[in-house]
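Below is one structure, written out as structure tokens; comments come after it.
In my numbering, the protein residues as written are 199 to 315.
Structure, rendered in structure tokens:
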């Protein structure tokens, strides 16, 4: 039963990543509150990916290898998260861009899986 729950969590998380990436839009780089809010949301979603997506979703060897590398990169990025002052718009923007690029990568590699359709 745990495998079924874990698989369901993975499907839901990857669907949320797909929805997040589809809804991405330009942010106001002069609004530190918006940057901070967007970064918090993106980081939380990426942390959820790191916690719930534990194995490749494809049987294709090359695709599975890419997925494993993306999961390792996701976990490494999540492990490096630090607090950023809301007034430091440059760092907020940089961290938001890095996190969103990783979400795009996860979506690209996992988004079209038969397990997430």
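Note that beta-carbon positions come from the ideal geometry of N, C-alpha and C, so glycine has one too. As the structure is a computational prediction, the values presented were derived from the model and not from experiment.
DSSP, read as helix, strand or coil, puts residue 230 in helix. With respect to the 9 angstroms criterion, residue 299 and residue 272 are not classified as neighbours on the basis of their beta carbons. Annotated as distal: residue 243 and residue 293, with beta-carbon spacing of 9 angstroms or more.
Annotation for residue 303: 268 place their beta carbon closer than 7 angstroms to its own, counting only its chain and skipping 5 residues before and after. Boundaries of the alpha helix (DSSP H) harbouring residue 201: 200-221, taken from the DSSP string.
Annotation: the continuous alpha helix (DSSP H) that includes residue 270 extends over 259-277. Judged by beta-carbon spacing, residue 234 lies within the 9 angstroms limit of residue 290, meaning their Cβ atoms are closer than that value. Excluding the 5 residues flanking it on each side, residue 200 has no same chain C-beta neighbour closer than 7 angstroms. In the same chain as residue 226, and ignoring 5 residues on each side of it, the C-beta atoms closer than 6 angstroms to its own belong to 232, in chain order. The DSSP-derived three-state label of residue 286 is coil.
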